[in-house]
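Let me begin by presenting the structure, written as structure tokens, before commenting on it.
In the numbering used here, the protein residues as written are 11 to 312.
Below you can see the structure in the form of structure tokens.
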């Protein structure tokens, strides 16, 4: 296992001229192909961008495709990159959230890979998405060649008060909303690193997250609570890059240590001045690290 610490100030020419949020969103709107796949359990909305070896982004909770557009713009320089929405993110997707299980996340990810025609592919997971990646690597080692796990964890049970809130949220209608409270929460947990990059990112995250149905957020938090990767970590032999934000308030780097200790074939990257959402605060840095890792780890994979 090798470990590297990176700061934004130490980046090379590839990331010296950072694109603004508006510039990246414009490129995504022009270059990304968006479609809906009639999946096994719900209609899976996804977006694809770029050309090259296939790479699937596996999202975190309370998020949607647009929140990964900034990262896709960077990764599309070398990969055909796809991101998708989880069940319930879109109210018309036909998902039965009450019946949706942890294994279904993996099954639908692999089904999307089939739909896209990818015999093999790489994964990049964010937060809860890293747990889906690990399960998928254990389930389909012949298909998934390598993975980057950013802001990941092995086991993160909810606290009693969080379970209490989730119980009532699961019976609520409507969306999370773009209220002042939502913006305050976004600012509290993500504001420091987002504001340092682009003041507009806080409003962008607040607006996109506010569109998530409350019941969907509750179902996703239930999945987080039920996750424990400890029994399967040792069975994952593919190369893995574990990425942590040095100032992550939700999943501190110490929790990522459990991934590094349990997975047999890992490299480690810690990003300075970075919180829980490196795909928003440091998309160039995360993409460059991922591209270098994938090219070194799987030079022959297509």
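Ideal Cβ placement from N, Cα and C applies to all residues, glycine included.
Residue i: which of the options sits nearest, CA to CA?
| i | options | result |
| --- | --- | --- |
| residue 229 | 145, 97, 63, 135 | 97 |
| residue 289 | 194, 139, 151 | 139 |
| residue 127 | 251, 63, 187 | 63 |
| residue 275 | 193, 247, 262 | 247 |
| residue 77 | 158, 115, 34, 103 | 34 |
| residue 60 | 71, 69, 93 | 93 |
| residue 157 | 277, 239, 193 | 277 |
| residue 292 | 147, 244, 81, 241 | 81 |
| residue 245 | 105, 147, 117, 107 | 147 |
| residue 306 | 38, 251, 260 | 251 |
| residue 231 | 166, 294, 206 | 166 |
| residue 83 | 72, 104, 40, 265 | 40 |
| residue 242 | 195, 185, 150 | 150 |
How many angstroms separate the CA atom of residue i from the CA atom of residue j?
| i | j | result |
| --- | --- | --- |
| residue 296 | residue 87 | 13 Å |
| residue 283 | residue 144 | 26 Å |
| residue 119 | residue 47 | 12 Å |
| residue 50 | residue 56 | 15 Å |
| residue 31 | residue 211 | 7 Å |
| residue 90 | residue 66 | 8 Å |
| residue 221 | residue 197 | 17 Å |
| residue 330 | residue 53 | Outside the shown range of the chain (11 to 312) lies residue 330, about which nothing can therefore be said. |
| residue 233 | residue 141 | 10 Å |
| residue 279 | residue 239 | 20 Å |
| residue 161 | residue 43 | 27 Å |
| residue 153 | residue 187 | 38 Å |
| residue 68 | residue 36 | 22 Å |
| residue 115 | residue 263 | 25 Å |
| residue 8 | residue 249 | Any answer about residue 8 is impossible in this case: the structure gives the chain only from 11 up to 312. |
| residue 193 | residue 303 | 35 Å |
| residue 219 | residue 79 | 14 Å |
| residue 266 | residue 72 | 21 Å |
Would you identify the three-state DSSP class for residue i, choosing helix, strand or coil?
| i | result |
| --- | --- |
| residue 53 | strand |
| residue 110 | coil |
| residue 242 | coil |
| residue 180 | The predicted model places residue 180 with a pLDDT of 45, which falls under 50 and marks its position as unreliable; any figure quoted below should be read in that light. Here residue 180 sits in coil by DSSP. |
| residue 71 | coil |
| residue 163 | coil |
| residue 300 | helix |
| residue 152 | coil |
| residue 237 | coil |
| residue 142 | helix |
| residue 115 | helix |
| residue 295 | helix |
| residue 197 | helix |
| residue 43 | strand |
| residue 214 | helix |
| residue 170 | Here residue 170 scores only 47 on pLDDT, less than 50, and its place in the model is too uncertain to base an answer on. |
| residue 38 | helix |
| residue 88 | coil |
| residue 136 | strand |
| residue 208 | coil |
Can you list, in chain order, the residues of its chain with a C-beta nearer than 6 Å to that of residue i? Leave out the 5 residues immediately preceding and following it.
| i | result |
| --- | --- |
| residue 208 | 31 |
| residue 308 | 155, 156 |
| residue 58 | 43, 92 |
| residue 259 | 199 |
| residue 125 | 47 |
| residue 104 | 52, 53 |
Considering only residues of the same chain and omitting the five flanking positions on each side of residue i, which have a CB-CB separation below 7 Å?
| i | result |
| --- | --- |
| residue 236 | 112 |
| residue 99 | 74, 222, 226 |
| residue 70 | 136, 137, 138, 139 |
Going along the chain, which residues of its own chain have a beta-carbon closer than 8 Å to the beta-carbon of residue i, five neighbours each way excluded?
| i | result |
| --- | --- |
| residue 301 | 85, 87, 88, 89 |
Counting only beta-carbon atoms, is residue i nearer than 7 Å to chain D?
| i | result |
| --- | --- |
| residue 114 | The chain labelled as chain D is not found in the depicted structure, where only one protein chain is given. |
For the pair the stretch 245-260 and the stretch 274-294, tell me if three or more CB-CB distances fall below 8 Å.
With a cut-off of 8 Å, the stretch 274-294 and the stretch 245-260 count as touching, because enough Cβ pairs lie within range.
How do the stretch 108-127 and the stretch 212-223 stand: do at least 3 beta-carbon pairs fall below 8 Å, yes or no?
Contact fails: fewer than three Cβ-Cβ distances are below 8 Å.
Is there contact here, the stretch 196-205 with the stretch 268-280, by at least three beta-carbon pairs under 8 Å?
These segments do not touch.
Does the stretch 128-135 come within contact of the stretch 107-115, defined as at least 3 CB pairs closer than 8 Å?
A contact between stretches requires three or more CB pairs, one per stretch, nearer than 8 Å, and the stretch 128-135 fails this requirement with the stretch 107-115.
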